Structures are given as structure tokens and as C-alpha cells.
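Chemist:
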Amino acid sequence: MTDTDLREFYARYIAMLNAHDLRRVDEFIDDEITYYGDRATRDQAFASLSALIDAVPDMHWELQELAVDGEHLAARLVNTGTPAKEWLGVAPTGASFEIIEYAVYRVRDGRFVHMANVHDAETLQRQLTTAPSPRSDATVQPASTH
1 MTDTDLREFY ARYIAMLNAH DLRRVDEFID DEITYYGDRA TRDQAFASLS ALIDAVPDMH
61 WELQELAVDG EHLAARLVNT GTPAKEWLGV APTGASFEII EYAVYRVRDG RFVHMANVHD
121 AETLQRQLTT APSPRSDATV QPASTH
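Its first residue numbered 1, the sequence shown is counted upward by one per residue in the UniProt record's numbering.
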């Protein structure tokens, strides 16, 4: 896949996630992958994504940056949502979150064969355990990327 093909592929993947249309996950994830460094199946990745969307029904990913190097992708995204069920050991409080996610992927034959991401779990936990702000325009500013 060309650089342009990979960028379009990733844009379609994010659109699928934001539509919560996980029935299409097989278009994007290979049958067997490495998932956070461990061998996994597409069904396991699907289950993980399904559990996330079940707990955070308004989960949204916004792509900020995408770097492509051969078959490797690196993305910086802003994730937002409001958990409706217990998630990451925290009962829902009505609090929303906005965090930065960094994700890396490897694509082979038009599907992910490696997927991993990291985010600031401490900030996420703090946002989820803090009472909702009466200000709807309050946002978390990402750290400088210099």
C-alpha cells in the first residue's frame, strides 16, 4: 500500500470506530495479530473494542497526526467520551474524559497485523473520578510536542 493508501485506510478505520460499526472490523484487522505485544486474534481485538464501546457509548477518536513509514503507522489521537458503565475499575459518575492516545500499527496485505497504544491513564482516572464541571467548554490541553 502506498502512503496515500495507508492514510485513507486509517481514515476509514477511524470512521468505522466512530460509527461504532464493529461489524466491519474484519476489513481492518487480520485474523492473527500482535496486540500490545502478545499474539491475539481478530476476535480478541473485536471483543476489546466492543467492551470499550459498551462501557463508553459515546466514545470518539479524533486523529490529530498520522505518520507513515513503509507498512508502519503512528498516530496521535484525542479520545473523548462519558462512561455509562464501570470502566477501568471506575463506576460511572457522569464525568467525561478527554485524553491523548498514541498508537502504533503495522499493516500487511491491507489489514492491521500489529496494534498497540498508550495513553495517560492517570489523567484519565482523575477525570473519571472528578465531579463533572458545570462548564461545558472546559477541555484538557495536550502537553507540548516539541
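C-beta: ideal position from N, C-alpha, C; glycine also.
Keep in mind it's a predicted model, so treat the numbers as computed, not measured.
Between which two residues does the alpha helix (DSSP H) harbouring residue 15 extend?
Modeler: Your numbering for residue 15 matches position 15 in the sequence shown. Residue 15 -> alpha helix (DSSP H) spans 3-18.
Chemist: Answer yes or no: do residue 30 and residue 118 have a C-beta to C-beta separation smaller than 9 Å?
Modeler: Residue numbering aside, residue 30 sits at position 30 when the sequence shown is read from its first letter. Residue numbering aside, residue 118 sits at position 118 when the sequence shown is read from its first letter. No.
Chemist: Grouping DSSP H, G and I as helix and E and B as strand, with all else coil, what is residue 25?
Modeler: Sequence index remark: in the sequence shown, residue 25 carries index 25 (1-based). Helix at residue 25.
Chemist: Looking only at its chain, what residues have a beta carbon closer than 7 Å to the beta carbon of residue 64, apart from the 5 residues adjacent to it on each side?
Modeler: Here residue 64 is taken as the residue at index 64 of the sequence shown, counted from 1. Cβ within range, chain order: 76, 77, 78.
Chemist: Residue 10 and residue 52 look like a contact to me (Cβ under 8 Å); what is the Cβ gap, rounded to whole Å?
Modeler: Taking the sequence shown and counting its residues from 1, the one referred to as residue 10 is at position 10. Taking the sequence shown and counting its residues from 1, the one referred to as residue 52 is at position 52. So it is not a contact: roughly 18 Å between Cβ atoms.
Chemist: In three-state DSSP terms, what is residue 140?
Modeler: Counting from 1 along the sequence shown, the entry for residue 140 is found at position 140. With a pLDDT of 46 at residue 140, under the threshold of 50, the modelled position of that residue is not reliable, and no figure is offered here.
Chemist: For the alpha helix (DSSP H) holding residue 47, just list the boundary residues, first then last.
Modeler: Residue mapping note: residue 47 aligns to position 47 of the sequence shown, counting from 1. Unbroken alpha helix (DSSP H) run through residue 47: 42-55.
Chemist: Counting pairs of beta carbons, one from the stretch 13-31 and one from the stretch 43-57, are three or more of them closer than 8 Å?
Modeler: At 8 Å Cβ cutoff, the stretches touch.
Chemist: In this structure, what does DSSP give as the bridge partners for residue 38?
Modeler: Position 38 of the sequence shown holds residue 38. DSSP output for residue 38 lists 35 as bridge partner(s).
Chemist: When you compare the CB positions of residue 127 and residue 88, do they come within less than 9 Å of one another, or not?
Modeler: Within the sequence shown, residue 127 is the residue found at index 127, counting from 1. Within the sequence shown, residue 88 is the residue found at index 88, counting from 1. Contact flag unset, no.
Chemist: If you follow the alpha helix (DSSP H) that residue 88 is part of, which residue opens it and which one closes it?
Modeler: Locating residue 88 in the sequence shown gives position 88, counting from the first residue. Note, residue 88: premise wrong, no alpha helix (DSSP H); not H, not E.
Chemist: Which of helix, strand or coil does DSSP assign to residue 135?
Modeler: The residue given as residue 135 occupies position 135 in the sequence shown. Residue confidence is low: residue 135 scores 49 on pLDDT, short of 50, so the model does not pin down where it sits. Its coordinate-derived value is still stated next. Here residue 135 sits in coil by DSSP.
Chemist: Do residue 104 and residue 81 have their CB atoms nearer than 9 Å?
Modeler: Mapped onto the sequence shown, residue 104 falls at position 104. Mapped onto the sequence shown, residue 81 falls at position 81. No, they are not a contact pair.
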